[in-house]
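Asker: One structure is given below, represented as structure tokens, and several questions about it will come after.
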Amino acid sequence: MNVVSRSRPQDLRFTSEVERATSHLYDKVKKVIPEVEWPTYAPLIARINQLKAQKNAVILGHNYMTPEIFHCVADITGDSLALARSATKTTADIIVMAGVHFMAETAKLLNPRKKVLIPNTGAGCTLAESITGADVRKLKEQYPGVPVVTYVNTSAEVKAEADICCTSGNAVEIVEGLGVPRVIMLPDEYLALNTAKKVKTEIITWKGRCVVHEMFTPDDIRSLRASNPGVVVLAHPECSPEVIAECDYAGSTAGMSDYVAKHKPPKVVLVTECSMSDNVAAEYPELEFVRPCNLCPFMKKIELENILVALEEERHEVHIDPAIAGRARISVERMLTGWKP
Ligand code: 13P
Ligand code: SF4
């Protein structure tokens, strides 16, 4: 984010007042944000935090947000499951999703009467874009009576056609909980194949891929281990089963974070999006994080500047066609409260 060269309004200068108001936040990120960069972030952070209080707004921040967002303006952070759960509990009038569009839609489905904002409407997801509602209808015709489990990384239109949602944090539990011999699980082929290895249920897959995780190869992991003896390798289940087979643990972004908190591996690599390591490293300065990672171009469309504009102008508001929203909400709520066909 290049905010240094812009001429800034008076209230976005790094004044001593801003410095004082944000110094406790800099302490949280000093391991990963150089001191010289702080004056570019701090005025935006101070203003965003002021506006949140004035407008009774809450910022939900996904684990892939950059550290100045994740640690300094987000009120609730976590994986997509945690963000969906917290969206059901908030008493704020405005929810700003510091994450991608499907996460904002999920928050809106769970809060139809609240204002849900996404700071950049271009924050999409290759998985969500890999399938449409019409595709799901065709699959259901092909496999009549087979329940459809959809990853939350899908549009509301796709959720409306599904029986129940899942995330990478609960996929095994959701599939097993259905108690049926066969399910359709979409759109992430790798998540479906990784889940299939852990359950007895037969899983029919779709060809969706995450642009970040499909890039990692088993060779990458082997060469990582060769150049970093003793490194503990944690990966997201959106990686291929061949990559997961080379790793020590696979889990959602929260799962990886919890693994680090519990086991404190002295040298660790998170095979996932880059900001995740920065955010966890900020909390565990004593651990060494090896950093081969891939950036998610969609998550990186969320910046402090557009979060500020979103709050100031209350844009871009997420709207979901009511005819779709009712059915999509059922799929999300079934995931959160449990359901059997
Ligand atoms: P999590 O639910 O694990 O946070 O994953 C969301 C995501 O988009 C991963 O690429
Ligand atoms: Fe989608 Fe992959 Fe980006 Fe997650 S990391 S939002 S799955 S493209």
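With my numbering, you'll find the sequence shown wraps up at 341, consecutive numbering, no jumps.
C-beta: ideal position from N, C-alpha, C; glycine also.
Quick check on Arg329: buried or exposed, where buried means 16 or more other Cβ atoms within 10 Å of its Cβ?
Answerer: Looking at its Cβ environment, which holds 16 or more other Cβ atoms inside 10 Å, Arg329 is buried.
Asker: Which value, in whole angstroms, describes the spacing of the CA atoms of Cys166 and Cys296?
Answerer: Rounded to whole angstroms, Cys166 to Cys296 spans 21 Å at the Cα level.
Asker: Can at least three beta-carbon pairs, one atom from the segment 75–90 and one from the segment 280–295, be found at a separation below 8 Å?
Answerer: Short answer: they don't touch.
Asker: Please list the terminal residues of the continuous beta strand (DSSP E) segment that includes His62.
Answerer: Taken as a continuous stretch (DSSP letters only), the beta strand (DSSP E) holding His62 covers Ala57 to His62.
Asker: Please work out which residues of its chain come closer than 6 Å, Cβ to Cβ, to Thr205, disregarding the five sequence neighbours upstream and downstream, and give them in chain order.
Answerer: Here the set comprises Glu189 and Ala192.
Asker: Output the distance between the C-alpha atoms of Met256 and Lys262, rounded to the nearest integer angstrom.
Answerer: One C-alpha to the other measures close to 10 Å.
Asker: Put Met185 into one of helix, strand or coil per three-state DSSP.
Answerer: Here Met185 sits in strand by DSSP.
Asker: In whole angstroms, what separates the C-alpha of Ser240 from that of Val332?
Answerer: So the two alpha carbons sit approximately 26 Å from each other.
Asker: Would you decide whether Ala134 is buried or exposed? Buried here means 16 or more other CB atoms lie within 10 Å of its CB.
Answerer: Under this definition Ala134 is an exposed residue.
Asker: Under 6 Å Cβ to Cβ from Val148, same chain only, skipping five residues before and after it: list those, please.
Answerer: These residues qualify, in order along the chain: Ala162, Asp163 and Ile184.
Asker: How would you label Ala53, buried or exposed, when you count the other beta carbons within 10 angstroms and need 16 or more for buried?
Answerer: Per the 10 Å Cβ criterion, exposed.
Asker: What separation, rounded to the nearest whole angstrom, lies between the Cα atoms of Glu242 and Thr337?
Answerer: Straight-line Cα distance between these residues: approximately 33 Å.
Asker: Taking 9 Å as the cut-off, decide whether the C-beta atoms of Ser80 and Asn153 are in contact.
Answerer: Yes, the pair counts as a contact, with Cβ atoms nearer than the cut-off.
Asker: Please determine if the segment 105–123 and the segment 138–147 are in contact, where contact requires at least 3 C-beta pairs separated by less than 8 Å.
Answerer: Judged by Cβ distances under 8 Å, the segment 105–123 makes no contact with the segment 138–147, as fewer than three pairs qualify.
Asker: Are Ala21 and Asn56 touching if we call contact CB-CB under 9 Å?
Answerer: No; because the gap between Cβ atoms is not below 9 Å, this pair is not in contact.
Asker: Go to Ile76, then tell me how far its beta strand (DSSP E) extends in each direction, as first and last residue.
Answerer: Ile76 to Gly78 is the span of the beta strand (DSSP E), which, as asked, contains Ile76.
Asker: Evaluate the contact criterion for the segment 206–219 versus the segment 125–132: three or more CB pairs, one atom per stretch, below 8 Å.
Answerer: These segments touch.
Asker: How is Lys208 classed by DSSP in three states: helix, strand or coil?
Answerer: Here residue 208 is Gly; the residue named in the question, Lys, does not match the sequence. Gly208: strand per DSSP, three-state reduction.
Asker: Of all the options Ile307, Ile324 and Asp220, which has the alpha carbon lying nearest to the alpha carbon of Cys72?
Answerer: Cys72 has its Cα closest to that of Ile307, out of Ile307, Ile324 and Asp220.
Asker: Examine the ligand 13P and report whether any of its heavy atoms sits within less than 8 Å of the Cβ of Glu273.
Answerer: At least one heavy atom of the ligand 13P is nearer than 8 Å to the Cβ of Glu273, so yes.
Asker: Output the boundary residues of the beta strand (DSSP E) element that contains Val96.
Answerer: Counting along the chain, the beta strand (DSSP E) containing Val96 begins and ends at Ile94 to Ala98.
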